[in-house]
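Numbering (the numbering used here), first residue to last: 15 to 121.
Cβ atoms here follow ideal geometry from the backbone N, Cα and C, with glycine treated the same way.
Accompanying notes for the structure given below.
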């Protein structure tokens with residue numbers, strides 16, 4: 015079976031969060047490149063349903079027809095895997111008077 019966005023993204027996220035693979039690791043970066051290459055022009059990832067549905071299909075407006083549920087889930091995991099690789103935000107300078115307000119002038 016070939017890989018898909020769901021399998022790739024869950025593996026990347028799990029390996030990174032468990033502490034086994036840094037986002038700077040070449041293997042993690044290859045996984046990210048694969049995810050970006052598999053992303054559709056509308057921003058989604060299409061993953062074919064693998065099992066017999068257990069709930070009645072309904073149109074949610076998400077692309078990929080009857081593959082919507084797994085594709086939505088794959089997009090969430092892919093987003094997490096990509097977000098893990100973003101640079102960490104630095105803390106903003108602390109405002110010495112965070113709750114002070116300027117006095118309003120009468121008008």
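With respect to residue 46, residue 95 sits close: the two C-beta atoms are nearer than 8 Å. With a contact defined as Cβ atoms closer than 8 Å, residue 88 and residue 19 qualify at about 4 Å.
A direct Cα-Cα distance of roughly 16 Å separates residue 59 from residue 74. The continuous stretches of alpha helix (DSSP H) do not include residue 64, and DSSP gives it neither H nor E. Between the C-alpha atoms of residue 27 and residue 92 there is a straight-line separation of about 8 Å. Around the beta carbon of residue 84, 16 or more other beta carbons lie within 10 angstroms, which makes this residue buried. The beta-carbon separation of residue 63 and residue 81, rounded to 5 Å, stays under the 8 Å limit for a contact. Counting along the chain, residue 30 sits inside the alpha helix (DSSP H) bounded by residues 19 to 31. Ranked by Cα distance from residue 55, the first of 78, 66, 36 is 78. One Cα belongs to residue 100, the other to residue 44, and the distance between them is close to 15 Å.
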